[in-house]
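Below you'll find the structure, written out as structure tokens, and then a few comments.
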Amino acid sequence: MEELDLLKKHWNNSQQFPKVSTEEIHKMIHKKSSSIVMWIFIISIIEFLVLNCFSYFFITEDSKESVGPLYRFMITNLDWLSLGISVVFIYLFYCNFRKISVADSTRTLMKTILNTKKTVNYYIYTNITVFIIAFIIMLIDILTIDDKLSLSSALISIGVVIIICGIFLGLLWIYYKLIYGFLIKKLMKNYKELEKIDYE
């Protein structure tokens, strides 16, 4: 945004900088916003490929047999659930990218930016919800897989799973905040600039 800040600073300064019209500022913000939404779309595709490769190489038939029936059912259907969620949100990100690319007015561009932010938030919360559901199923599986499991052993196992899943959930949240949070922050900065233009 350095170029935009420079243009704003010298917008009507007639010393050594040419006057910049609102339309030119709008075009610059439009171009930057389109680029950001494109990156959100690309990153979602990369995530889709990485997660499906991980599932293919690390979730084997042997690993499915070593767990309880409830968790085995989840693992068996996890690929389809992940595939469905990813495809839906990749399509939504693509639609946002297409809309922002052809936005011909400030209001339309602002609306698309807000829709993109909502879609990203839904994507993050959906993935975290799926992880929490998987975590709950894992805990239930631990408690039901072995009827002879003592209370102390069950508590230790649950504690270990909670710690591991808590760490993983924290890392997942940090990842989303760093990657998507950074992009959305830049996108919302563009939105605020458009608000200023729209009301001037």
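Position in the sequence shown counted from 1, then plus 9, gives you our numbering. Yeah, the Cβ is synthetic: ideal placement off N, Cα and C, and Gly gets one too. It should be emphasised that the depicted structure is a prediction, and the values quoted were computed from it without experimental measurement.
Cβ-Cβ separation, residue j to residue i (assumed contact under 8 Å), whole Å
i      : j      : result
Leu118 : Ser166 : Leu118 to Ser166, Cβ: 52 Å. No contact.
Ile49  : Tyr189 : 7 Å
Val170 : Ile151 : 6 Å
Asn105 : Thr121 : 6 Å
Ile137 : Leu181 : 7 Å
DSSP three-state assignment for residue i, whether helix, strand or coil
i      : result
Ala163 : helix
Ser72  : With a pLDDT of 49 at Ser72, under the threshold of 50, the modelled position of that residue is not reliable, and no figure is offered here.
Ala143 : helix
Asp113 : coil
Trp20  : Residue placement at Trp20 cannot be trusted, given a pLDDT of 49 that sits under 50; what the coordinates show is reported in the next sentence. The answer is coil: DSSP assigns Trp20 none of H, G, I, E or B.
Rounded C-alpha distance that separates residue i from residue j
i      : j      : result
Val46  : Lys198 : 13 Å
Tyr200 : Cys62  : 36 Å
Tyr131 : Glu32  : 32 Å
His39  : Ile99  : 21 Å
Ile94  : Lys195 : 25 Å
Lys108 : Ile141 : 33 Å
Leu160 : Phe144 : 20 Å
Ile89  : Phe57  : A quick correction: the sequence has Trp, not Ile, at residue 89. Going from the Cα of Trp89 to the Cα of Phe57 covers about 12 Å.
Val97  : Ser53  : 11 Å
Asn86  : Ala112 : 39 Å
Leu164 : Phe191 : 39 Å
Leu178 : Ile149 : 18 Å
C-beta contact flag for residue i and residue j at 8 Å
i      : j      : result
Phe102 : Thr128 : yes
Leu60  : Ser91  : yes
His35  : Ile206 : yes
Lys126 : Ile193 : yes
Ile146 : Tyr185 : no
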